[in-house]
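In this note's numbering, the protein residues as written are 142 to 248.
As structure tokens, this is what we get:
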């Protein structure tokens, strides 16, 4: 996980919008069978980007509120303390996930 890369993208968010940082955890032993690691193929080296197929299965491991709001931040650069942090656990294999799982409201 490259926090500097993530914060670089989050810095582009207009001040009136909420910043959300998604942390996807992959089991070290079992790994994740349905994810692509793009570092070898990308023109933007150093992002260490992962690509998940549509309808990939995740479970929410936790949600952390920002420690300061936009008013408290003022003109300071956006930092981790200004973001909602959502921790997701990637399913080992999407094909083993039950078919009736709920979809995210934006899908």
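For glycine and all other residues, C-beta sits at the position ideal for the given N, C-alpha and C.
Three-way DSSP call (helix, strand, coil) for residue 162 in this model = strand
Figure out for me which residue from 217, 210, 212 and 205 has the closest Cα to the Cα of residue 225.
-> 205
Around the C-beta of residue 210, are 16 or more other C-beta atoms found within 10 angstroms, so that it is buried, or is it exposed?
-> exposed
I think residue 165 touches residue 191, with their Cβ atoms under 8 Å apart; what is that distance to the nearest whole Å?
-> 7 Å
Taking the continuous beta strand (DSSP E) assigned at residue 226, which residues delimit it?
-> 224–231
Using only alpha-carbon positions, find the residue among 194, 161 and 231 that is nearest to residue 207.
-> 161
Who pairs with residue 204 in a beta bridge, going by DSSP?
-> Paired residue(s): 227.
Starting from the Cα of residue 174, find the closest Cα among 245, 235 and 222 and give me that residue.
-> Nearest option by C-alpha distance: 235.
Burial state of residue 223 (16 or more Cβ within 10 Å) = Residue 223 should be labelled buried.
Same chain, Cβ closer than 7 Å to residue 202, five either side skipped, listed in chain order = 166, 228, 229 and 230
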